[in-house]
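Below: the structure, in C-alpha cells.
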Amino acid sequence: MTTFLTARLRIAAYPLTVLGFLSLAACGGGGESPEQAMNLSQVNLNCVQQPGETCNKVQATVMLYAKVTDQRPLWEEKPSAGSKVFDSVNRVKQPDGSWLMDFSVKPGLAEGTYTGTVDFSVLVSPFPGTPNYQPRTASYSITVVGMKGTLSPLRQLSGATDWEGYNGNAAHTGFVPATLDASKFTRRWSWKSTASINGVSTRISPLVTANGYVYFNEEVAIDDSAERFKYIYTYRLSALSETDATAAWQTELKLGDVLGAPGVAGNRLVMAGINDAYTFNAQSGARLAVVRQPNTNGLLVATSQLTAPTLFDGNAYLGGNNDVMRLDATTGQNRWSTSLDLPKLGNVDEWTPAVNAGTVYSNAAGTLTAFNIADGSKRFSVAVPGQVIGGTGKSSLRQAPVLVDDNSVLLLNQRPYPGKSVDNSLSLVDAGSRSVRWTVSGRFTTQPVVARGVIYVGNDSGKVIEARNVSDGAVLWTWPLASVGEEALNGDLIVTNNLLFIAGGKHTHALDLASRQAAWTYRLSGTLSLSRNGVLYIRSAQGVSGSNIGYLTAINLQ
C-alpha cells in the first residue's frame, strides 16, 4: 500500500471496521476500474526564494468533476529527496466552482534546490465496487538562493547623502534627490541574525548608514530558565560593510536597560537608553561615553527601539517622555534639557525632534513646540488638531515633525503600529505666523515624506498612497494598494526624484511618479533606508520554529 493511500485513509477517519473495506477498495481489490476525479490547470509550483522572503503564488487550480463536487481536493507532497518544503495549503473556492490551491513554503529553508511532486486527490469510497479515483500529479521546484547576490563595485549615488536617522535626515523629509533606473535594481546581499533556536526572539533597530557601513542595534531576548516569564536581554551594536555584509565591528552591550535605535553623523554614533545616552566612534565601534541625562518626571528619558536620536552639527537631540534635550555627540554631556510640561500621567514616547540651523521642534501631545537650538529656551508653541490616544499614562507617538522648509512644519499627530490604523490628522504649521495653515483627517499609517512641494503618505481610509499639495493639503492623486495585491502598509516611504519606495504588507515596491505604475517589486517588506552608495536596505523579520529572525536585505539601485 502506498503512503499516499495510507494518508488518504487517515484523512477519511473511518472506524476500524470500515478501514478494511477502504483499504481493499483503494488498492483495487474490489475490481473497480481507475477513474479520474479532476483536471489541473494554471499549475505553478516553482519559485526562487531569496533569504528572508516567502514565496508567493505557488499555486494550482483544481476543477473537480461533477460526481465529486461535494468534496474538497486533498494534497500530498512527495519530495525527491530530503525535507518537505510546503507548510500548508489554502484552498479557495473560485466563482466557476474550481479550487485555487495556494501553497505556503516553509520559512528558514537551507540554501539549495528542492524538487518533488504533489499528488492531488479526493477521498476514496470505503465500499467495494465504487470508483477508484486516481490522483493527479504535478512537479515542483523550490530554489532557496544564498546570502550573496550581485556584489558590484560601490559608488556614490548622485544626490544621495548618509541616512543618519529617522526618515533619513534631521528634517525627517525622507527625500533622496536622486534619479533611479528600476531596471538596474539587483539584490546585493542578505544578512540574518544569529538567533535561531526556540525561546529566542530578536529585534533589529532601523538602519542608519555612513562611512561605507550600515549600522543597527540588535536586541536578543532569551527565556530565563530559572524564572517563568522573565527574559535576559543582550544588545549588540553592529557595523556591516555595505560592500558584502562582513562585520567591520560589533560591540556587545550587556545592560540593565533598553537601548534605542542608533543615529549617526560622520564618525559619531549615538543611542539612548532609559536613563543614559551612549556615544560611539562610528569607525571603530569604541564606546566613548555613557552619561546620565536629566528628566523632569523621573521616567524614561528617550528610548524607543524604533526611533533614533536626531544628529545635527556635532550634537544629538533626544525626545523623551517629558523632555527634549541636546547633548554632545562625542562626550555625551548634556548641553540643555527643557520640559514639555506634561503631567506624569500624560507623558509620551517613541518620537524624535526635528532640527534645523536655529530651531529644535517637538510634536508631542497635540502641541508643536519650537526651542532655541542654542540654549533650549522655548520660542513658541502651537496647538495642533488631533487627539493623541495611548495606554495608561503614556502615548506612543511613532512620528517626528517634518521640516518642509524653514517656515513650514508638517505634523502627524500619532501613528499606529505597522499594519494597524487609527483616526488621526495631518497638519501644516506656519512657523512664521505661528499658526496652523491646514489640517486634514484620515487614517494615516506612514510617516509623511516630502519632495518638491508634494507630500506622500499612506492612508488606510481607502487603502491608498496619497500625493497631497504642501500649500493646502489637497489630494493631487492616489495610488491604490490593491493594484499590486497589497492590503496594508508594513513600513515607511522613501521618495526620490522619480520613484517612491513603498513598504507594503508583503512586498516592497518602487512607484514611478510620472506614470504612477509600479516599476519594481521585491518579495519582502519592512523598514527602509537608502545609503549614499545607492543601496536600499530592507529591515524585516521572519518567524522560524518559535523564534523571530531578523533579516537585512541590500538592494543595488545603480
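Using numbering that gives the first Met the number 0, read the sequence shown as starting at 0 and increasing by one per residue.
C-beta: ideal position from N, C-alpha, C; glycine also.
Computed from a predicted structure; not experimentally measured.
- Counting other Cβ atoms within 10 Å of its Cβ, Tyr416 stays below 16 and is therefore classed as exposed.
- In this structure, DSSP gives Asn489 an extended state, which the three-state scheme calls strand.
- When secondary structure is reduced to three states using DSSP, Gly504 falls in the coil class, being assigned neither helix nor strand.
- The continuous stretches of beta strand (DSSP E) do not include Leu512, and DSSP gives it neither H nor E.
- Here Val121 is near Leu73, since their CB atoms are less than 8 Å apart.
- Looking only at Leu411, Val469, Thr112, Gly385, the smallest Cα-Cα distance to Gln49 is reached by Thr112.
- Collapsing the DSSP output to three states places Asn423 in a strand.
- For Asn131, the pairing in a beta bridge is given by DSSP as Pro33.
- Annotation note: the stretch 402-447 contains the following uninterrupted beta strand (DSSP E) runs of length 3 or greater, listed N- to C-terminal: 407-411, 423-429, 434-441.
- Across the structure, Asn412 and Pro384 are spaced so that their CA atoms are roughly 8 Å apart.
- In this structure, the CA atom of Ala502 is about 7 Å from the CA atom of Thr526.
- Only exposed fits Thr149, as fewer than 16 other CB atoms lie within 10 angstroms of its CB.
- Runs of the alpha helix (DSSP H) spanning 4 or more residues and lying entirely within the stretch 235-259 do not occur at all.
- Secondary structure note for Asn89: its beta strand (DSSP E) is the uninterrupted segment 85-92.
- Cβ neighbours of Glu486 within its own chain (closer than 8 Å, five residues either side excluded): Lys462, Leu480, Gly504.
- The beta carbon of Arg414 lies closer than 6 Å to those of Arg397, Gln398 in the same chain, with the five residues before and after it left out.
- Gln446 and Gly107 have their C-alpha atoms roughly 31 Å apart.
- When C-alpha distances from Pro205 are compared across Ser182, Pro308, Thr116, Tyr360, the shortest belongs to Pro308.
- Cβ atoms of Leu236 and Gln249 come within 8 Å of each other, at about 7 Å.
- The three-state reading of DSSP puts Tyr165 in helix, counting H, G and I together.
- Under the three-state reduction of DSSP output, Ala159 falls in the coil class, being neither helix nor strand.
- Spanning the alpha carbons of Thr329 and Tyr550 requires a straight line of approximately 30 Å.
- The beta carbons of Leu523 and Gly51 sit about 6 Å from each other, so the pair counts as a contact at 8 Å.
- Taking a contact to require three or more Cβ pairs closer than 8 Å, the stretch 450-467 and the stretch 491-502 qualify as touching.
- Per DSSP, reduced to three states, the secondary structure at Leu344 is helical.
- A buried status is given to Phe279, since no fewer than 16 other beta-carbon atoms sit within 10 Å of its beta-carbon.
- Just measuring C-alpha positions, the residue of Trp98, Val84, Asp422, Ile203 sitting nearest Val67 is Trp98.
- Assignment of Lys183 by DSSP, reduced to helix, strand and coil, places it in the helix class.
- Straight-line measurement puts the Cα of Gly211 at about 13 Å from the Cα of Ser283.
- Residue nearest to Tyr139 within the set Arg90, Val84, Gln133 is Val84 (criterion: CA-CA distance).
- A distance below 6 Å between beta-carbons, with the five flanking residues on each side excluded, links Ser440 to the following residues of its chain, in chain order: Ser424.
- Counting every other CB atom within 10 Å of its CB across the protein chains shown gives Trp476 a total below 16, marking it as exposed.
- Excluding the 5 residues flanking it on each side, Gln516 has same chain C-beta neighbours closer than 8 Å at Leu510, in chain order.
- Val448 is classed as buried because its beta carbon has at least 16 other beta carbons within 10 Å across all chains shown.
- Per the DSSP secondary-structure output, Ile141 pairs in a beta bridge with Cys46, Tyr113.
- In this structure Val143 is not in contact with Glu75, their Cβ atoms being roughly 22 Å apart against a cut-off of 8 Å.
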